[in-house]
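In our numbering, the protein residues as written are 34 to 564. Data first, discussion second: the structure below is written as structure tokens.
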Amino acid sequence: MKNFCITGIFLLLLLGSCSKAKLDDINTDPTKLTENNYDPNSLLSQAQLKYANLGYYQLLYQSTMMQLLASTYYYYNNGDKYINVGSFTDYQGRLFDEGYMDASYIREMQRLARLKDPVAYQNLIAIGDIMFVLILQRITDTYGDVPYSQAVKAMQGIKYPVYDRQEDIYTAMLDDLDAAIQQLDADKPLPTADLFYKGDINKWKKFGYSLMVRIAMRLTKVDPEKARIWTEKAVGKTFQSINDNAILLTDASSFNSQNGTSLALRTYSDYLEVRWSKTLIDQLKNTNDPRLGIIGEIPKDGLAKNADQNLTGNSEAIIQLGMPNGYDLQGGITDISRSPDYPGGTGTGSDFAPLGKYSRPRTGMYLKLSGPIFILTYAEIEFLLAEAKVRGWNVDGTAKLHYTNGLTGAIQSLAQLDPLAAVDANKIIDFVNQNPLDETSTTNSLNAINTQYWVTTGTNFNFIEAWLNWKRSGYPKLVPVNYKGNVTNGTIPRRLIYLSTEILNNPQNYKDAVARIVGGDVLTARVWWDK
């Protein structure tokens with residue numbers, strides 16, 4: 034896939050540099066792509082796929098930082114224990130690097146669409162603006178000040194884009210998103226290669242307004258009035274059910290057996306080295322959550338059996354056991370065998386696997402090569418609207434109703450991962466009734482809402498969003514690990530460091546941005562809205 038993407042970029046750069054002189058028909062090869070016969074729709078699907086397919090980087094950092102997954106392996110010390118392991122620090126810049134690659138696909142798609150027929154491609158261009166905002170929000174929320182107004186404009190002569198202040202980026206994103214939604218028109222030609230909604234403009238409108246809510250709610254710490262205005266603007270126009278969930282379906286036929294990766298977010302070798310965290314499993318146990326018997330399984334005893342993904346584990350809720358974060362396999366005081374509630378076992382090698390008795394993500398749901406990747410869901414938006422109502426904003430319905438909708442939708446969405454993950458409707462109703470929104474205080478309400486947001490995004494493997502909303506809300510109240518050699522003084526990272534090559538490729542603008550970061554370009558610094 035990466036080679037294909039590189040080839041695609043090379044082709045586009047070649048097209049962009051071609052002479053505009055008209056060639057005689059006899060000298061034109063009709064089998065070759067040109068700006069006139071290239072379909073810009075294909076760039077939309079390419080950008081959508083690349084945006085969604087970042088599970089590997091989430092496993093390294095956000096999955097374990099957020100205590101949704103845990104690992105004892107050195108490879109995962111970056112997120113699990115806040116240690117910069119060797120050259121893996123380069124991976125912290127991947128959301129920056131690949132995010133702007135995705136954005137370049139979108140802008141090139143729009144350029145070609147406008148060149149061919151801006152009226153016929155009106156919806157594609159508008160969806161491109163929505164996608165650009167979607168991509169850039171993840172970049173700025175991860176790093177802080179980043180290029181926005183001058184981003185991916187090399188063809189316009191801007192080789193060294195300025196890093197906009199995040200406050201300005203948020204103003205621009207909301208304005209750009211609103212303008213793009215207004216341009217959507219179901220009576221105009223539809224996009225033909227849309228991996229999210231197959232060109233359904235009404236769903237794209239709901240997606241746009243739902244994204245507006247998420248962007249607005251990021252501002253609750255720094256500009257609650259602006260957050261209120263933009264959230265209220267979207268009320269009544271957002272997702273209405275799980276049928277509106279933005280999902281990218283992957284394709285098992287695209288599996289690459291050489292490196293063990295697919296168009297999905299899983300890899301065989303890495304998947305063996307993570308387990309559900311004790312923090313998450315205990316949360317599900319304490320609330321008698323029906324997801325407990327759906328998302329996890331205890332593998333068979335023995336290293337060989339544990340490594341065989343074809344051997345289904347035991348998914349009984351009562352036996353699920355989460356692995357505590359911050360442990361290793363080094364034999365010292367932080368060895369997993371020293372952890373509380375260690376499941377035990379005897380023997381070595383093929384007779385016993387140290388991790389075999391901890392709950393791993395259920396293979397049939399999370400490892401299949403034709404699985405879905407969640408982009409934005411009804412449950413997430415309902416939880417945010419519940420919070421908005423708790424804050425006293427003008428939102429239809431009660432906070433309890435939106436919370437109930439979010440909790441119900443989150444559990445129902447598991448069936449979109451796999452039909453076998455469907456939970457009986459009566460069980461969902463019972464669970465929701467037994468766990469109503471705690472409205473005894475605003476603090477209790479915000480805790481309950483955002484803890485469920487964390488559970489939802491975590492069980493959907495959307496670890497980046499779980500991290501970003503945790504930074505914003507402060508919930509759940511996670512207890513960080515304090516592993517020897519960590520670089521954060523025993524605190525959970527609040528941002529990732531910029532792409533290392535920026536000091537060479539865009540030196541002055543990079544230095545200006547770093548100079549504005551309190552504490553510098555480090556994991557413990559905070560982005561503008563994270564106060």
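A virtual CB, placed ideally from N, CA and C, is assigned to each residue, including glycine. No experiment lies behind these values; they were computed from the predicted model shown.
| Query | Result |
| --- | --- |
| Pick from P373, E349, F407 that is closest to G359, judged by C-alpha positions | P373 |
| Residues of its chain near V551, where Cβ-Cβ distance is below 8 Å and the 5 sequence neighbours each way are ignored | A558, R559 |
| Cut-off 7 Å between Cβ atoms - residues of its own chain near T441, not counting five sequence neighbours on either side | I461, V465 |
| Sheet register partners of E265 (DSSP bridge) | None, per the DSSP bridge assignment. |
| Buried or exposed (CB count within 10 angstroms, at least 16 for buried), K564 | exposed |
| Helix, strand or coil at N347 [DSSP, three-state] | strand |
| Local conformation of A421 per DSSP, three classes | helix |
| Nearest residue (CA-CA) to A85, options N538, T367, N493, N515 | N493 |
| Contact under 7 Å by Cβ, A546 with D178 | yes |
| Cβ-based neighbour list, I530, same chain, cut-off 6 Å, excluding 5 preceding and 5 following | Q125, D554 |
| Cutoff 6 Å; reference D174; Cβ partners in own chain excluding five residues on either side | L501 |
| Rounded straight-line distance, which links the Cα of L418 to that of H435 | 6 Å |
| Within 7 Å, strictly: CB atoms of M142 and G161 | yes |
| Minimum C-alpha distance to I497 - residue among L354, G518, I408 | I408 |
| Close Cβ partners of I275 (< 8 Å) along its chain, the five nearest in sequence each way excluded | T410, Y411, A412, G442, Q445, S446, Q449 |
| Y181 vs I202 beta-carbon contact at 7 Å | yes |
| Three-way DSSP call (helix, strand, coil) for A448 in this model | helix |
| Paired residues, beta bridge with F407 - DSSP | I280 |
| I525 in three-state terms, based on DSSP | coil |
| For V179, the three-state DSSP class (helix, strand or coil) | strand |
| Neighbourhood of T225 by C-beta distance below 7 Å, restricted to the same chain and skipping five residues each side | N74, G232 |
| Reduced DSSP category for E330 - H, G, I as helix; E, B as strand; rest coil | strand |
| First and last residue of the uninterrupted alpha helix (DSSP H) at S474 | Note, S474: premise wrong, no alpha helix (DSSP H); not H, not E. |
| Any 3 or more C-beta pairs closer than 8 Å across the segment 501-510 and the segment 484-492 | yes |
| Span separating the alpha-carbon of Y109 from that of D130 | 21 Å |
| Buried or exposed (CB count within 10 angstroms, at least 16 for buried), Q467 | exposed |
| Under 7 Å between C-beta atoms of R395 and I328 | yes |
| Among K83, Y154, S348, Y106, nearest to A136 - alpha-carbon criterion | K83 |
| Residue range of the unbroken alpha helix (DSSP H) whose run includes K517 | Unbroken run through K517: none, as it is neither H nor E. |
| Local Cβ density within 10 Å of N438, reported as buried at 16 or more and exposed below that | buried |
| Reduced DSSP category for R171 - H, G, I as helix; E, B as strand; rest coil | helix |
| Other residues of its chain near N156: CB distance less than 7 Å, five sequence neighbours each side excluded | L217, D218, K221, P222, L223, P224, I234 |
| Option nearest Y138 by Cα separation, candidates G190, I163, L76 | L76 |
| Beta-carbon spacing of K318, M356 below 7 Å | no |
| Contact check, T524 vs P540, beta carbons under 7 Å | no |
| G404 burial status per 10 Å Cβ neighbour count (16 or more: buried) | buried |
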